[in-house]
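Student: Protein chains in written order, with our numbering: chain A, 482 to 935; chain B, 871 to 1280.
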Amino acid sequence: MSKSVKLRKGLDIRLVGEAEKVSSVSVMPKSISIKPTDFHQMIPKMVVKEGDAVKAGTILFHDKYNPSINYASTASGKVKSIVRGAKRRILEVLIETDGQQTFEVRSSMKLAELSNDQVKEAMLSSGLWPFLRQRPLDVVANPSNEPKAIFVSAFDSSPLAPDFNYVLHGKNDEFQAGLAALSKLTSGTVHLTMNGKTNSDETFKSATGVQLNSISGKHPAGNVGTQIHHIDPINKGEFVWTVNAQDVALIGRFFLTGKFDMRRTIALTGSEIKTPQYTEALIGANVSDILNDQITSENVRVISGNVLTGEKIEQDGYLSFYHNQITVIPEGDQLKFVATKGWMSPGFDKFSNSRTFPTWILPKSKKFRLDTNTNGEERAFVVTGELEKVFPFDILPMQLVKAAVTDDIDGMENLGIYEVAPEDFALCEYVCTSKINIQDKIRQGLDLIASECM
Amino acid sequence: MKFLEKIVHKHEPKFAKGGKLEKWNPIFESFTTLAFTPALTTKKGSHIRDGVDLKRTMMMVILALVPCLLFGIYNTGHYELVAEMGDRSLPYLDQFWSKVGAGALVVLPLVVVSYGVGLTVEFIFGVIKGHALHEGFLVSGMLIPLVMPADVPLWMVAVATIFAVVIGKEIFGGTGMNIVNVALTARAFLFFAYPTKMSGDFVWMAGEEKAVDGFTGSTAMGDLATFTSEKMTVAGTEVVGQTGEAAMELFNNSYSMFDSFVGMIPGSVGETSVIACLLGAALLLFTGVGSLRIILSFGIGGFVTGLLMNAIGSNPYMDLPAAHHLLIGGFAFGAVFMATDPVTAAQTATGKILYGFFGGMVAILIRVLNPAYPEGVMLAILFMNVMAPIIDHYVVQANVKRRLKRLKTA
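Written out as structure tokens, the structure is:
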């Protein structure tokens, strides 16, 4: 039953600063933060108050409109503050760690003996549930829906992404336990999709109880959205859940040990990092300890996640819930003289998918140090056919974006909004000549669908 | 470039919000972005962006137009001398530099007027709407003089440009929003508003007023149009015996395939040389700015229709070899530079093929079947511009249906 897919479209952006396969054990962060803003459209209902003592696994808040979904602290310590923004919206829950890491006591569970409902209940009550994301809408899975399949991607193809073969090497047991838990959540199939270009680690190859697929091609081959589209596409009314491969191992770890132990291996990457490498970090950890002495220049942007879909954070900000990576790249907030660095320049320092720049002539081994400049101003859509080159879906990207921009619900439904998430459009946004924030437009389209059609 | 940067930073506050010259910020911004890529950074979503922007894309089109412009200058100069001497047999490469000079004196004012007037209109709209100059006119401003007859009065170019920019583009929302090609709108405006000036034999060669009596500056298109009438003429001389064979022979003498391919025939400033168009096409296709689907299918559409006409062959015009059709008039120029305009062309991959094919087809049909409009390419492309959304609609519906089917079979 396994499927193997070959993609011709896509783009691998070659950046400087790939992580070396060396891990350092980082110190316990002084503070962590769980950010409700990481979970799109979720409105938190606080369970703890400022000053409360918490352990790793203590529930901090739950979803106001779906109270069965709980969100837990990943470290033990004290709730330092609940940071609110405009209209008293809760932005983050800051926790001062005690350096001990004591866990909420739970007995380890034998997955084989648990019923499907018990697994679901355990994940909901423990704070593991938010690892499950749902398509359509690309939000935390709604436990009352029945997914037709669960998809796990065994690799990340985005720029400078961590190599899961390295990160999950030797974690067979945890990963397998996680997959076993997932398979109890759906009557359908659990898909594990490996990279067809390289040899996957034993952790993935030996996985059982799942359908093993392979997909080969450039980015976004590793995006779970691409894999769903080519393996078991979503139609209107269907739901598919997705989980990040590292999070599968975390779920497995919980069921094996009974501890809410949210340490994962993240990649420290980007051109402005002195020694790009892997490090172990807690979800929500303060990054200043990790970035300590690592940043090589003054004016930089720190990104939790990758350069295409990540989130801008401060140098003493916090790692987001879903991210396996920190990327540091130079800021591009300088005027650039057109004849040397702008649109009239030869442009050997630019990485472009268009042949108007000489990227195509440079050797494939050449890597680029790109900054955050938009390289131009926003314009109306003019150029056609360029988005299609990096969008390996049987979906018309430009028409879908236009439907989203114009709030055309019928248009969006017909053109495939249920299958996509903003991250699927990250490359489209990158190559767009008119510098339109396409991911944002798709997100607005999804929000409209969520409020009108779901 | 530090000193320029200093100037920009010094004057920036005046134009910023709340500054004294706030209203003129669009103009300030337009000029600073000509010198510097602005310091805009990504806010959310993708943190890095491709180097390409609309300015770079438009620059490629302008570069692609340079061969046509240069050849157009020479060709215009050549026919100005021809008209003055009243002798079409003047060797093409004789008096090279004086032709270049004469041509430049005719063509460059056209370019200056087109850019000057067009950019002024754009700036006015920019100030009213509060946005910087959008790049679209940088290309339109070059295309307009190249599709003009050499002897068109400058004031007409100015009027046509204003009409094209205002009615053709700005009322729809500016660059990227227009429905029909801006440069062709200018040409069509003149064609219909000043028909006596724009058709017939009098405007295609510069210096006509200086020409010797009895000399006509007719073009291949104009001559062919007479083939469907009672009185066939080629290059001002009546066809002996008025037979189709004699007409074709005379036509081939005046506008041989080779001459048409190189571009040594009278016509609009930039459209005559197929070689120059192909050079431009090569750059557009290589950089990916132009669509191969459109250019190729436009050519095929024209060729197939040409063959069809040959098969019918009820008048001498229909007997013109299909390949010759592609070489004369604005066919090559239209296919490469006009039909490929991404804003007004079909936007889907399949749609582009259909759009190009029908464009080529309609162009030849208008040429041959409706001699009142000798140059069918302009009208064909404008017509297809209007049809493009319908073509796209059906391509999109095909995609939608295919995806709905998936649900039923699943």
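Yeah, the Cβ is synthetic: ideal placement off N, Cα and C, and Gly gets one too.
It should be emphasised that the depicted structure is a prediction, and the values quoted were computed from it without experimental measurement.
Quick one: using the 10 Å Cβ neighbour count with 16 as the cut-off for buried, is residue 1229/B buried or exposed?
Tutor: Here residue 1229/B refers to the residue found at position 359 when the second sequence is read from its first residue. When all chains shown are included, residue 1229/B counts as buried.
Student: In this structure, does DSSP put residue 590/A in helix, strand or coil?
Tutor: Taking the first residue of the first sequence as 1, we reach residue 590/A at position 109. The answer is coil: DSSP assigns residue 590/A none of H, G, I, E or B.
Student: Specify the secondary structure class of residue 1009/B as computed by DSSP and reduced to three states.
Tutor: Working through the second sequence from its first residue, we reach residue 1009/B at position 139. Three-state DSSP puts residue 1009/B in a helix.
Student: Quick check on the DSSP output: the alpha helix (DSSP H) that includes residue 901/A runs from which residue to which?
Tutor: Mapped onto the first sequence, residue 901/A falls at position 420. Looking at the DSSP string, residue 901/A is not in any alpha helix (DSSP H), and its letter there is neither H nor E.
Student: Determine the DSSP secondary structure at residue 982/B, reduced to helix, strand or coil.
Tutor: Taking the second sequence and counting its residues from 1, the one referred to as residue 982/B is at position 112. Helix, per DSSP.
Student: Quick one: what's got a C-beta closer than 7 Å to residue 1247/B's C-beta in the same chain, skipping five residues either side?
Tutor: Residue 1247/B sits at position 377 when you count from the first residue of the second sequence. Cβ within range, chain order: 1199, 1200, 1201, 1204, 1233.
Student: Are three or more beta carbon pairs between the stretch 594-602 of chain A and the stretch 746-759 of chain A nearer than 8 Å?
Tutor: The answer is no - the stretch 746-759 of chain A does not touch the stretch 594-602 of chain A, with fewer than three Cβ pairs under 8 Å.
Student: With C-beta atoms as the reference, is residue 1090/B less than 8 Å away from residue 1186/B?
Tutor: Against the second sequence, residue 1090/B aligns to sequence position 220. Against the second sequence, residue 1186/B aligns to sequence position 316. For residue 1090/B and residue 1186/B, no; Cβs fall outside 8 Å.
Student: Is DSSP giving residue 1271/B helix, strand or coil here?
Tutor: On the second sequence, residue 1271/B is found 401 positions in, with the first residue counted as 1. Three-state result, residue 1271/B: helix.
Student: For the stretch 865-874 of chain A against the stretch 928-944 of chain B, do three or more pairs of beta-carbon atoms, one drawn from each stretch, fall closer than 8 Å, so that the two count as touching?
Tutor: The stretch 865-874 of chain A is not in contact with the stretch 928-944 of chain B.
Student: For my contact list, residue 1060/B and residue 1022/B are in at a C-beta cut-off of 8 Å; report their separation, rounded to the angstrom.
Tutor: Here residue 1060/B refers to the residue found at position 190 when the second sequence is read from its first residue. Here residue 1022/B refers to the residue found at position 152 when the second sequence is read from its first residue. The pair is a contact, with the Cβ atoms about 7 Å apart (cut-off 8 Å).
Student: Consult DSSP for residue 840/A and reduce its assignment to one of helix, strand or coil.
Tutor: Position 359 of the first sequence, counting from 1, holds the residue named residue 840/A. Helix, per DSSP.
Student: Helix, strand or coil for residue 1021/B? Go by DSSP, reduced to three states.
Tutor: Position 151 of the second sequence, counting from 1, holds the residue named residue 1021/B. Correct three-state label for residue 1021/B: coil.
Student: Output the distance between the C-alpha atoms of residue 641/A and residue 864/A, rounded to the nearest integer angstrom.
Tutor: Numbered from its first residue, the first sequence carries residue 641/A at position 160. Numbered from its first residue, the first sequence carries residue 864/A at position 383. Distance between the alpha carbons of residue 641/A and residue 864/A: 28 Å.
Student: Using Cβ-Cβ distances below 8 Å, what residues of the stretch 919-945 of chain B are close to chain A?
Tutor: Within the stretch 919-945 of chain B, the qualifying residues are 919, 920, 921, 922, 923, 924, 925, 926, 927, 929, 930.
Student: Could you tell me the alpha carbon to alpha carbon distance between residue 838/A and residue 516/A, rounded to whole angstroms?
Tutor: Sequence index remark: in the first sequence, residue 838/A carries index 357 (1-based). Sequence index remark: in the first sequence, residue 516/A carries index 35 (1-based). Their Cα atoms are separated by approximately 40 Å.
Student: For residue 1035/B versus residue 1050/B, is the C-beta distance shorter than 8 Å?
Tutor: Locating residue 1035/B in the second sequence gives position 165, counting from the first residue. Locating residue 1050/B in the second sequence gives position 180, counting from the first residue. Not in contact: residue 1035/B and residue 1050/B (Cβ atoms no closer than 8 Å).
Student: Is residue 926/A helix, strand or coil when you go by DSSP?
Tutor: Position 445 of the first sequence, counted from the first residue, corresponds to residue 926/A. Residue 926/A falls in the helix class under three-state DSSP.
Student: Output the distance between the C-alpha atoms of residue 1158/B and residue 832/A, rounded to the nearest integer angstrom.
Tutor: Mapped onto the second sequence, residue 1158/B falls at position 288. Mapped onto the first sequence, residue 832/A falls at position 351. Spanning the two alpha carbons is a distance of roughly 16 Å.
Student: List the whole-angstrom C-beta distance separating residue 755/A from residue 775/A, where the pair is believed to meet the contact cut-off of C-beta under 8 Å.
Tutor: In the first sequence, counting from the first residue as 1, residue 755/A sits at position 274. In the first sequence, counting from the first residue as 1, residue 775/A sits at position 294. Confirmed, about 5 Å.
Student: Kindly indicate which three-state DSSP category residue 962/B falls into: helix, strand or coil?
Tutor: As a first step, residue 962/B must be located in the second sequence, where it is residue number 92. Looking at residue 962/B - three-state DSSP - the assignment turns out to be coil, as it is neither helix nor strand.
Student: Name, going along the chain, the residues of the stretch 894-919 of chain B whose beta-carbon falls closer than 9 Å to a beta-carbon of chain A.
Tutor: Listed in sequence order: 899, 902, 903, 904, 905, 906, 907, 908, 909, 910, 911, 912, 913, 914, 915, 916, 917, 918, 919.
Student: Might you give, ordered along the chain, the residues of its own chain that have their beta carbon closer than 7 Å to the beta carbon of residue 499/A, omitting 5 neighbours on each side?
Tutor: Indexing the first sequence from 1 puts residue 499/A at position 18. The residues are 641, 750, 757.
Student: Excluding the five sequence neighbours on either side, which residues of its own chain have a C-beta within less than 6 Å of the C-beta of residue 862/A, listed in chain order?
Tutor: To locate residue 862/A, count along the first sequence from 1; it is residue 381. Here the set comprises 915.
Student: Distance check for residue 1133/B and residue 1144/B, CA to CA, integer angstroms please.
Tutor: Along the second sequence, one-based indexing puts residue 1144/B at 274. Along the second sequence, one-based indexing puts residue 1133/B at 263. Approximately 6 Å between the Cα atoms of the pair.
Student: Output the distance between the C-alpha atoms of residue 1011/B and residue 931/B, rounded to the nearest integer angstrom.
Tutor: The residue given as residue 1011/B occupies position 141 in the second sequence. The residue given as residue 931/B occupies position 61 in the second sequence. The alpha-carbon atoms of residue 1011/B and residue 931/B are separated by roughly 12 Å.
Student: In three-state DSSP terms, what is residue 908/B?
Tutor: Residue numbering aside, residue 908/B sits at position 38 when the second sequence is read from its first letter. Residue 908/B falls in the coil class under three-state DSSP.
Student: Does the beta carbon of residue 1047/B come closer than 8 Å to any beta carbon on chain A?
Tutor: Translated into positions along the second sequence, residue 1047/B becomes position 177. So yes, residue 1047/B belongs to the interface.
Student: Assign residue 1223/B to one of two classes, buried (16 or more other C-beta atoms within 10 Å of its C-beta) or exposed (fewer than that).
Tutor: Start at 1 with the first residue of the second sequence, and residue 1223/B comes out as number 353. Buried, since its Cβ has 16 or more Cβ neighbours within 10 Å.
Student: Using CA coordinates, which residue listed in 1020/B, 1249/B, 1005/B is at the minimum distance from residue 904/B?
Tutor: On the second sequence, position 34 is the one that residue 904/B refers to. Residue 1005/B is the option with its Cα nearest to residue 904/B.
Student: Between residue 943/B and the rest of its own chain, which residues show a CB-CB distance below 6 Å, the 5 nearest in sequence each way excluded?
Tutor: As a working note, residue 943/B is residue 73 in the second sequence. The residues are 973, 974, 977.
Student: Cβ of residue 965/B less than 8 Å from any chain A Cβ?
Tutor: Numbered from 1 along the second sequence, position 95 holds the residue referred to as residue 965/B. With 8 Å as the cut-off, residue 965/B does not count as an interface residue toward chain A.
Student: Would residue 1220/B pass as an interface residue toward chain A - the criterion being a Cβ-Cβ separation below 8 Å?
Tutor: As a position in the second sequence, residue 1220/B is number 350, starting the count at 1. Chain A, which has no Cβ nearer than 8 Å to the Cβ of residue 1220/B, makes this no.
Student: Give me the chain A residues within the contact set of residue 1269/B, using Cβ-Cβ distance strictly less than 9 Å, ordered along the chain.
Tutor: For the purposes of this step, residue 1269/B is identified with residue 399 of the second sequence, where counting begins at 1. Neighbours of residue 1269/B on chain A, chain order: 875, 876, 877, 880, 895, 896, 897.
Student: Quick check: the Cα distance between residue 885/B and residue 893/B, rounded to an integer number of angstroms?
Tutor: For the purposes of this step, residue 885/B is taken as residue 15 along the second sequence, with counting starting at 1. For the purposes of this step, residue 893/B is taken as residue 23 along the second sequence, with counting starting at 1. Taking the straight line from one Cα to the other gives about 7 Å.
Student: At the level of alpha carbons, what is the spacing between residue 878/B and residue 899/B?
Tutor: By 1-based counting over the second sequence, the position of residue 878/B is 8. By 1-based counting over the second sequence, the position of residue 899/B is 29. Roughly 10 Å between the two C-alpha positions.
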